[in-house]
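**Q** Chains as they are written, first to last, in our numbering: chain A, 831 to 1167; chain B, 831 to 1167. Glycine is no exception: its CB is placed at the ideal position from the N, C-alpha and C atoms. Values in this document were obtained by computation on a predicted structure and should not be read as measured data.
Protein chains: 2
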Amino acid sequence: MRIRIFAYHFLAMFHKSVHAQIFQDYTNAVEFPSSPANLYDPIRYILSLSGKRIRPLLVNMGVELFDASHVPASLPASAAIEYFHNFSLIHDDIMDKAPLRRGMETVHQKWNDSVAILSGDALLVKAYEELVKCPTDKLAPLLRLFNRTALEVCEGQQYDMDFEERNTVTQDEYINMIRLKTSVLLGCALQMGAIIGNAEESAQELLYEFGVNLGIAFQLQDDLLDVYGDPKTFGKQVGGDIISNKKTLLFIKLRELLTADDEAEFVQLQASNLENEPDKVAKMKALYAKYDIQALAIYQKEKFTAIAYEKLRAIRVEESRKDALFSLADALMNREQ
Amino acid sequence: MRIRIFAYHFLAMFHKSVHAQIFQDYTNAVEFPSSPANLYDPIRYILSLSGKRIRPLLVNMGVELFDASHVPASLPASAAIEYFHNFSLIHDDIMDKAPLRRGMETVHQKWNDSVAILSGDALLVKAYEELVKCPTDKLAPLLRLFNRTALEVCEGQQYDMDFEERNTVTQDEYINMIRLKTSVLLGCALQMGAIIGNAEESAQELLYEFGVNLGIAFQLQDDLLDVYGDPKTFGKQVGGDIISNKKTLLFIKLRELLTADDEAEFVQLQASNLENEPDKVAKMKALYAKYDIQALAIYQKEKFTAIAYEKLRAIRVEESRKDALFSLADALMNREQ
């Protein structure tokens, strides 16, 4: 459930920006020892896989919303968030037995599970090493937020694994899971920026909620694109979630609404694969259509998008300062349409 | 390489002490959520396996050496160190494929590897959650020390795994590995106490060095007891390291000194097990005796013990305040003789 095809043009623009370069220069200067190689090489490797650095961007935007002069002081927080994200990728990939990440071998695949466990641990500690470099008077609130978020991300990953073993998952459970697993870290990145930018607590919390709700909407959009995306621009196989029986919001909604008449077909499709049922994707899409699942999912996505916008609007700073965040949100929620 | 049979009587005494009870009460009051059960049950489980709580004791002694009035403020630091230690046990046990810990099933054995990875991660974050509860003016130095130590412990574990794959390991490499893997955390515990007890930096560092050197001496003592301990009091199979070809200091020294004449026997013993060579332990001990390996190891152990005592003596506080630490060191280094 990674953030994919993330408003490509918007971020491509950002990646040529001054702040992206400053962040890159900052992290390039952070040194990892050469020995033991099996501990630090995997860290250098995962950090070199050129992720989109969306979380450091959010820290940056969080600072700039309130006081851009604190951007330099926020670089360690940006690095901490990015390290934490990469730590969670290394460990999640072991648990998910994923062979590839960003088109390259995962750490446990390239080395082995033990190396991936331990280098992930070390990268998590490196995140905290960065946090300590933040302004001392902000250290305690930054740490409290970061710790709470880190625990929530662990909880989200555990729920995600638990749900794979369960037959039924409710919509609320699913949304709570994606909130924990992916969205709170986006909110955390923004709020860390706000803390460093000296925002009032109420404003910090609004910005946090903006990030969390936008993250949920984004994930729901991802579920939708997986089924209804344009194969030309989606960048990966459309219908992948259907093929792997992934419990997305669409799946959960269908299961909830399914009448006894269609139950048999649903169960048969779940048990099938592309070899014995080449039309699996088309047939599931027909079921989705019959129950208007797409509209239900769009409704949810728009609900969380609306909450996100409302939170951002409620922050009391000069309106023009919010442009960048509104643009980002627009780019995210209107991609590929 | 855990700390075992740790000066049993001394610690038994401590465990009935007021401070032990206070620490127990403190950690009992720290709440772990009930859900997701697969994330938090393993944490409750490992913490319930009643380790010896030696590290919290060291934090406590570190405070008391300078100013006992700060003991209550040090409880979160004690908890952080104990949580970190248990996090490292959970992850090390996965890597070592260990089925048992403290006589009970390990976490990955009782649940599975994914649960053990993720609950270990969460416990590491919980350690940092405790650290933030320490006095705010001490937070940055405590965190810096803790982070550095945590990375070193990861490095030690990686070297330990690397050494298993290597043919030769030097004495210096071995001692550096045990320093990183087990000793720095003891020094860290003491220094965290010293920081909270408002010790000067030079005194903090002496106390840290006392802990690290005592830890190394203790581990070398452990290597010795494994071969020369009294089976009645050692508490586990004497000769276990020999049977498993573990690269202890004794092993490394023998390999270094071995003449061509004895090389063949040594290689044959390494390739053997108790079934095809019931006298493996006795024959290795004969080789150790021929090269005076026991004396060489005792020399090293005493060297590090002497350094530890010297560091403690150099700390400028009222001498009687050091009694508890000298008693602890004596108990550790004279056990089972």
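Using the three-state DSSP reduction, which class does leucine 930 (chain A) fall into: helix, strand or coil?
**A** In this structure, leucine 930 (chain A) counts as strand in the three-state DSSP scheme.
**Q** Assuming the contact rule is C-beta atoms closer than 8 Å, leucine 1054 (chain B) and glutamine 1124 (chain B) should be a hit. Round their C-beta distance to whole Å, please.
**A** Contact flag correct, Cβ pair sits at about 7 Å.
**Q** Please list the residues of the stretch 954-973 of chain A that have a C-beta atom closer than 7 Å to any C-beta atom in chain B, keeping them in chain order.
**A** Result list: Leu954, Val955, Tyr958, Glu959, Val962, Thr966, Leu969, Ala970, Leu973.
**Q** Tell me the DSSP secondary structure of glutamate 995 (chain A) in three-state form.
**A** Helix at glutamate 995 (chain A).
**Q** Measuring only the C-alpha atoms, how far is phenylalanine 976 (chain B) from tyrosine 1058 (chain A)?
**A** Phenylalanine 976 (chain B) and tyrosine 1058 (chain A): Cα-Cα distance of roughly 49 Å.
**Q** Under a three-way DSSP split, which group does phenylalanine 836 (chain A) fall into?
**A** Per-residue confidence for phenylalanine 836 (chain A) stands at a pLDDT of 47, beneath the threshold of 50, marking its modelled position as unreliable; the derived number appears in the next sentence. Coil, per DSSP.
**Q** Could one say the Cβ of leucine 981 (chain B) lies closer than 8 Å to chain A's Cβ atoms, at least one of them?
**A** True, the Cβ-Cβ gap to chain A drops below 8 Å.
**Q** Which residues in the same chain as alanine 952 (chain A) place their Cβ atom closer than 8 Å to its Cβ, once the five residues preceding and following it in sequence are excluded?
**A** Only Leu869, Tyr870, Ile873 meet the Cβ criterion.
**Q** In whole angstroms, what is the alpha-carbon distance linking leucine 1142 (chain B) and phenylalanine 993 (chain B)?
**A** Roughly 32 Å between the two C-alpha positions.
**Q** Residues of chain B with CB under 8 Å from asparagine 916 (chain A), in chain order?
**A** Chain B residues near asparagine 916 (chain A): none, gap ~13 Å exceeds 8 Å.
**Q** Would you mind working out which of B:Ile1073, B:Ala1136, B:Thr998, B:Phe1134 sits nearest leucine 1088 (chain B), comparing C-alpha positions?
**A** Closest by alpha carbon: B:Thr998.
**Q** Quick check on the burial criterion: 16 or more other C-beta atoms within 10 angstroms. Buried or exposed for alanine 837 (chain A)?
**A** Because alanine 837 (chain A) carries a pLDDT of 49, less than 50, the predicted location of this residue cannot be relied on, and the following value inherits that uncertainty. Buried, since its Cβ has 16 or more Cβ neighbours within 10 Å.
**Q** By the criterion of Cβ-Cβ separation under 7 Å, what are the contact partners of alanine 952 (chain B) in chain A?
**A** In chain order: Leu981, Cys984.
**Q** Flag this pair as touching only if the stretch 1001-1013 of chain B and the stretch 1011-1019 of chain A have three or more C-beta atom pairs under 8 Å; answer yes or no.
**A** No, they do not touch.
**Q** When you compare only the Cα positions, how much space is there between glutamate 861 (chain B) and lysine 1113 (chain A)?
**A** Using only the alpha carbons, I get a separation of about 48 Å.
**Q** Between which two residues does the alpha helix (DSSP H) harbouring tyrosine 1092 (chain B) extend?
**A** Rather than tyrosine, the amino acid found at residue 1092 (chain B) in this sequence is aspartate. Counting along the chain, the alpha helix (DSSP H) containing aspartate 1092 (chain B) begins and ends at 1090-1101.
**Q** Pull the bridge partners of glutamate 935 (chain A) from the DSSP assignment, please.
**A** In DSSP, glutamate 935 (chain A) forms a bridge with A:Leu930.
**Q** Strictly below 8 Å CB to CB, what residues from chain D border asparagine 1006 (chain A)?
**A** Checking the listed chains, one finds no chain D in this structure; the protein chains it contains are A and B.
**Q** Name the chain B residues that come within less than 8 Å of isoleucine 1026 (chain A), Cβ to Cβ?
**A** In chain order: nothing, as chain B lies at least about 16 Å away.
**Q** Give a yes or no on whether 8 Å exceeds the smallest Cβ distance from isoleucine 947 (chain B) to chain A.
**A** With 8 Å as the cut-off, isoleucine 947 (chain B) counts as an interface residue toward chain A.
**Q** Along the stretch 922-947 of chain A, what residues have a CB closer than 7 Å to any CB found in chain B?
**A** Under the 7 Å Cβ criterion, the stretch 922-947 of chain A contributes Ile924, Met925, Ser944, Ile947.
**Q** Nearest by alpha-carbon distance to glycine 1017 (chain A): which of A:Val1042, A:Ala1033, A:Leu1036 is it?
**A** Checking every option, the nearest Cα to that of glycine 1017 (chain A) belongs to A:Val1042.
**Q** Please list the partners that glutamine 987 (chain B) has in chain A, where partner means a Cβ-to-Cβ separation under 7 Å.
**A** Ordered by position in chain A, the residues that pass the 7 Å Cβ test against glutamine 987 (chain B) are Leu948.
**Q** For chain B, check one thing: does any of its Cβ atoms lie closer than 8 Å to the Cβ of asparagine 997 (chain A)?
**A** Not an interface residue.
**Q** Phenylalanine 1156 (chain A) to tyrosine 913 (chain A), Cα distance in whole Å?
**A** One C-alpha to the other measures close to 26 Å.
**Q** Valine 955 (chain A): which of A:Asp943, A:Ala980, A:Asn942 sits nearest, CA to CA?
**A** Among A:Asp943, A:Ala980, A:Asn942, the Cα nearest to that of valine 955 (chain A) belongs to A:Ala980.
**Q** Do proline 1168 (chain A) and lysine 963 (chain A) have their C-beta atoms within less than 8 Å of each other?
**A** The shown model of chain A, from 831 to 1167, leaves out residue 1168 (chain A), and the question about it has no answer.
**Q** Are phenylalanine 1117 (chain A) and leucine 1079 (chain A) touching if we call contact CB-CB under 8 Å?
**A** What sits at residue 1117 (chain A) in the sequence shown is leucine, not phenylalanine. Not closer than 8 Å, so no.
**Q** Would you be able to state if there are at least three C-beta pairs under 8 Å between the stretch 888-901 of chain B and the stretch 1148-1162 of chain B?
**A** Segments in contact, yes.
**Q** With 8 Å set as the bound, which would you pick, yes or no: does the beta-carbon of methionine 991 (chain B) sit closer than that to a beta-carbon of chain A?
**A** So, interface residue.
**Q** Considering Cα atoms alone, identify which of A:Pro1061, A:Ser1074, A:Ile947 is closest to glutamate 1107 (chain A).
**A** Closest option to glutamate 1107 (chain A), Cα to Cα, is A:Ser1074.
**Q** Against asparagine 977 (chain B), what residues of chain A qualify as contacts under a CB-to-CB distance less than 7 Å, listed in chain order?
**A** Val955, Tyr958, Glu959, Val962, listed in chain order.
**Q** Got a sec? Which residues, its chain only, sit under 8 Å from leucine 813 (chain A) by beta carbon, not counting five neighbours each side?
**A** The first residue shown for chain A is 831 and the last is 1167, placing residue 813 (chain A) beyond what the model contains.
**Q** Count the other CB atoms, across all protein chains shown, that sit within 10 Å of the CB of threonine 1063 (chain A); report buried if there are 16 or more and exposed otherwise.
**A** The residue is exposed, with fewer than 16 neighbouring Cβ atoms inside 10 Å.
**Q** How is threonine 1078 (chain A) classed by DSSP in three states: helix, strand or coil?
**A** Residue state, collapsed to three classes: coil.
**Q** Between proline 866 (chain A) and chain B, is any beta-carbon pair separated by less than 8 Å?
**A** Taking Cβ atoms only, chain B reaches closer than 8 Å to proline 866 (chain A), which makes this a yes.
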